[in-house]
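Residue numbers (the numbering used here): 4 to 288. Every residue, glycine too, gets a C-beta built ideally from N, C-alpha and C.
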Amino acid sequence: MIPQRARTTLAASCIIHFLHDGCSDLLYVLFPVWAREFSLSFVQVGLLRTGYSGALALFQVPAGYLADRWGEPRILTAGTFLTAVGFFCVGTAEGFVPLLLFLMIGGLGSSTQHPLSSSLVSRAYEAGRRRVAIGTYNFSGDLGKVTWPACVAFVTAWAGWRWAAQGIGLVVLATAVGIFFLLASLVGGPADPQATSAADRGGNGWGIRNARGFSLLSTIHAIDNGSRTVFLTFLPFLLLGKGARMDLMWLALGLTFTGGAAGKFICGLLAERWGIIRTVLVTET
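Shown next, in the form of structure tokens:
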């Protein structure tokens, strides 16, 4: 029987994942709009994606250190607040440089989500069905990737992309406040240093207990995520260049995101039966 505390932690982490992954992938909907409005080149579009993704990637490890000192709820809330500010300010941008700056702020805030939320879920389900919980957590992120781009496409067509960006910022900000109080009541403050040290003794000081498996999964993730990012960034431009309408381009992105969401949820279930490495190798092949 899974305790209510664990289920609530999973639900809160899924909401955070839903928000942040949705914010990341809705950019694919806006890139063609920005390119048309600000006369951006493909290089500039790539730099916008790199600015957001780079800030998100570079600060994930520091976010973990900060959470050890201040606790996951505070750092997650601060990061989500930064993401909200970044996207709200995106709605005021008047050119490439402001867009890049505000997207980097948003990416910096989103850097807190993956390491801290996944840590909360893993710890909550340490004695339970962890792989299914992680699969559910990952599915929530892909659900955000389906939902947020669709909402942004609708609002952009109806009221313009600036209203869409600022609306996202306000929704993320409001959610951050609620999540903070929910997680603070469940998780508490900073991690216990003695407990952390005891866990590290099972690995290499970073909590890695299987260096070979970790290296293999990290390599697969880097290749998979890199190719996915490039494909989704420039797919809209390819479709528009072939004469597709904007609404058909958004539909194609939505179908791609839907397939990814379903796949991650199914992979979580398959990993329970086949194991993580085998499941990853089969699906990536």
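For residue 163, no alpha helix (DSSP H) run applies, since DSSP gives it neither H nor E. In the DSSP assignment, residue 75 falls within the alpha helix (DSSP H) that extends over 75-93. Taken atom to atom, the span from the alpha-carbon of residue 265 to that of residue 119 is near 24 Å. In chain order, 52 and 56 place their CB closer than 7 Å to the CB of residue 232, counting only its own chain and leaving out the 5 sequence neighbours on each side.
Judged by their CB atoms, residue 69 and residue 152 are not nearer to each other than the 9 Å cut-off. With 16 or more other Cβ atoms from the protein chains shown falling within 10 Å of its own Cβ, residue 148 counts as buried.
For residue 222, the enclosing alpha helix (DSSP H) stretches over residues 214-244. Around the C-beta of residue 224, fewer than 16 other C-beta atoms lie within 10 Å, and the residue is accordingly described as exposed.
Taking C-beta atoms as the reference points, residue 172 and residue 48 fail to come closer than 9 Å.
Segment contact: the segment 229-246 against the segment 104-118, fewer than three CB-CB distances shorter than 8 Å; contact not assigned. Sequence-distant partners of residue 36 (beyond 5 residues in either direction) whose C-beta falls short of 6 Å from its own C-beta, in its chain, are 164. Using a Cβ distance threshold of 9 Å, residue 116 and residue 20 count as a contacting pair. Annotation: residue 257 to residue 282 spans about 25 Å, alpha carbon to alpha carbon. Per DSSP, reduced to three states, the secondary structure at residue 43 is coil, with no helix or strand assignment. Annotation note: the segment 23-67 contains the following uninterrupted alpha helix (DSSP H) runs of length 4 or greater, listed N- to C-terminal: 30-41 and 45-61.
In the DSSP assignment, residue 113 falls within the alpha helix (DSSP H) that extends over 99-113.
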